[in-house]
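Enquirer: In this note's numbering, the protein residues as written are -11 to 311.
This is the structure we're talking about:
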């Protein structure tokens, strides 16, 4: 049982669920309440969305490890689970069951939310994409990094994607009036905020994926992978990561400028302490990194920054409720 929980990356699945619930309770709900509107997805429907996302992610982790046994035997032999606690046929069966359940729940929910085509396609493409990531994309230059980062970015955005159609259906006349009076409706605000979180998740995930490629370069090179550090070399890979971090820090700095202008000093200080300074530490760590352990530490730090970014939603809810 412990081996299986390790295989499906239980901590990561909990983070996915935590992220989606935080978006719902600390972003979507307060923004709607400010306009006198209310969440339209029931708790049960939202739980289905979270479970569908978690099941598909779990299936993705399983199939990734299934095809990665040889490489992981070099990169992280102490973390092998396939054939070391979970048999290969059990892993393949688990992938099939988890993926099927995730897609089935996702399609049912998409039908309930009147986005059957878009929602059903999203879940189906996710399963197919994760399969091809494990068998093809992750061994190619940059494509694997982008695929995983896109899926990561969709996790927060999906909450608004499934909520907005129900809101439009229920509050159509109010939204039309908002559009007429203010030039935009509350649904636009929801999609903007959720999209911003999605883009942020995409950017941090891309940084982390390239760092992980630098960490795993030994095993990847042995089996002919064409990751960024293998194709371009470690120096250029570092330069790309550093450029992305600086670009990200600049974007966060722009947000902090807006926070100061709005006299939101608490958000400014939160971003400084829990996002900017840790990113600076990651930057310095990557510059100095010359062994596998250094890159591993940098990767963990980026993951922690992603988590603190989600936790900021608690403060954001407080700020919104003050308005």
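Glycine is no exception: its CB is placed at the ideal position from the N, C-alpha and C atoms.
Per DSSP, residue 70 forms a beta bridge with which residues?
Expert: DSSP, once it has assigned bridges, lists 74 as partnering residue 70.
Enquirer: For the candidate residues 292, 50 and 111, whose alpha-carbon lies nearest to that of residue 90?
Expert: Answer by Cα proximity: 111.
Enquirer: Ordered along the chain, which non-local residues of its own chain (more than five positions away) have a Cβ less than 6 Å from that of residue -3?
Expert: 49, listed in sequence order.
Enquirer: Name the residue from 228, 142 and 12 whose alpha carbon lies nearest to the alpha carbon of residue 312.
Expert: Here the chain covers residues -11 to 311 and nothing more, so residue 312 does not appear.
Enquirer: Assuming contact is defined by CB atoms lying nearer than 8 Å, are residue 359 and residue 54 in contact in what I supplied?
Expert: Nothing can be reported for residue 359, as the shown portion of the chain is limited to -11 through 311.
Enquirer: What residues in its chain sit with their C-beta under 6 Å from that of residue 94, if we drop five residues either side in the sequence?
Expert: The answer, listed in chain order, is 40 and 111.
Enquirer: Rounded to the nearest angstrom, how far is the Cβ of residue 303 from that of residue 245, given a contact under 8 Å?
Expert: At roughly 18 Å, the Cβ-Cβ gap does not stay under 8 Å, so residue 303 and residue 245 are not in contact.
Enquirer: Check whether the Cβ atoms of residue 210 and residue 44 lie closer than 8 Å to each other.
Expert: No; because the gap between Cβ atoms is not below 8 Å, this pair is not in contact.
Enquirer: Is the separation between the beta-carbon of residue 186 and that of residue 141 shorter than 8 Å?
Expert: Contact: yes.
Enquirer: Quick one: what does DSSP say residue 124 is sitting in, helix, strand or coil?
Expert: Correct three-state label for residue 124: coil.
Enquirer: Which value, in whole angstroms, describes the spacing of the CA atoms of residue 86 and residue 123?
Expert: So the two alpha carbons sit approximately 18 Å from each other.
Enquirer: Within 10 Å of its beta-carbon, does residue 165 have 16 or more other beta-carbons around it, so buried, or fewer, so exposed?
Expert: Under this definition residue 165 is an exposed residue.
Enquirer: Which residue comes first and which comes last in the alpha helix (DSSP H) that contains residue 299?
Expert: From DSSP, the alpha helix (DSSP H) with residue 299 extends over 280 to 310.
Enquirer: Between the alpha carbons of residue 158 and residue 239, how many angstroms are there, rounded?
Expert: Each residue's alpha carbon lies about 36 Å from the other.
Enquirer: Spell out a yes or no on whether the stretch 125 to 139 and the stretch 22 to 41 are touching, meaning 3 or more CB-CB pairs, one atom from each, closer than 8 Å.
Expert: Contact fails: fewer than three Cβ-Cβ distances are below 8 Å.
Enquirer: Check whether the stretch 175 to 192 and the stretch 8 to 20 touch, using three or more Cβ-Cβ pairs below 8 Å as the test.
Expert: Touching, yes, given that three or more Cβ pairs across the two stretches are closer than 8 Å.
Enquirer: Between the Cα of residue 291 and the Cα atoms of 208, 189, 235 and 306, which residue gives the shortest distance?
Expert: Ranking 208, 189, 235 and 306 by Cα distance to residue 291 puts 189 first.
Enquirer: Just the C-alpha distance for residue 271 and residue 161, rounded to the nearest angstrom, thanks.
Expert: So the alpha carbons of these two residues sit roughly 49 Å apart.
Enquirer: Indicate the three-state DSSP secondary structure (helix, strand or coil) for residue 173 in the structure shown.
Expert: Three-state result, residue 173: coil.
Enquirer: Check whether the stretch 136 to 150 touches the stretch 95 to 114, taking contact to mean three or more Cβ pairs, one atom from each stretch, closer than 8 Å.
Expert: Touching, per the Cβ criterion.
Enquirer: Just to confirm, are residue 178 and residue 19 a CB contact at a threshold of 8 Å?
Expert: Yes, the Cβ-Cβ distance between residue 178 and residue 19 is below 8 Å.
Enquirer: Beta-carbon within less than 8 Å of residue 293's beta-carbon, same chain only, minus the 5 sequence neighbours each way: which residues are those?
Expert: Counting only Cβ-Cβ distances below 8 Å, and skipping sequence neighbours, we find 192, 262, 263, 266, 267 and 270.
Enquirer: At which residues does the alpha helix (DSSP H) containing residue -5 begin and terminate?
Expert: Run containing residue -5: -10 to -5, per the alpha helix (DSSP H) assignment.
Enquirer: Mind checking residue 254: buried by the 16 CB within 10 Å criterion, or exposed?
Expert: Residue 254 comes out exposed.
Enquirer: Considering only the alpha carbon of each residue, which of 3, 196 and 64 lies closest to residue 46?
Expert: Among 3, 196 and 64, the Cα nearest to that of residue 46 is on 3.
Enquirer: Spatial neighbours of residue 366 within its chain, please: CB distance less than 6 Å, with the 5 preceding and 5 following residues excluded, ordered by chain position.
Expert: With the chain running from -11 to 311 in the structure shown, residue 366 is simply not present.
Enquirer: With H, G and I counted as helix, E and B as strand and the rest as coil, what does DSSP make of residue 103?
Expert: Of the three classes helix, strand and coil, the one that applies to residue 103 here is coil, per DSSP.
Enquirer: What does the alpha-carbon distance come out to for the pair residue 273 and residue 5?
Expert: When rounded, the distance between both Cα atoms is 30 Å.
Enquirer: Work out the CA separation of residue 155 and residue -7 for me, nearest whole Å.
Expert: Going from the Cα of residue -7 to the Cα of residue 155 covers about 37 Å.
Enquirer: What are the boundary residues of the alpha helix (DSSP H) that includes residue 132?
Expert: Taken as a continuous stretch (DSSP letters only), the alpha helix (DSSP H) holding residue 132 covers 131 to 158.
Enquirer: In its own chain, which residues sit with a C-beta less than 7 Å from the C-beta of residue 71, not counting the 5 before and 5 after it?
Expert: Closer than 7 Å at the Cβ level, and outside the excluded window around residue 71, lie 57.
Enquirer: Quick check: what's the CA-CA separation for residue 285 versus residue 197?
Expert: The alpha-carbon atoms of residue 285 and residue 197 are separated by roughly 13 Å.
Enquirer: State buried or exposed for residue 173, treating a residue as buried only when at least 16 other CB atoms are found within 10 Å of its CB.
Expert: By the neighbour-count rule (16 or more Cβ atoms within 10 Å), residue 173 is buried.
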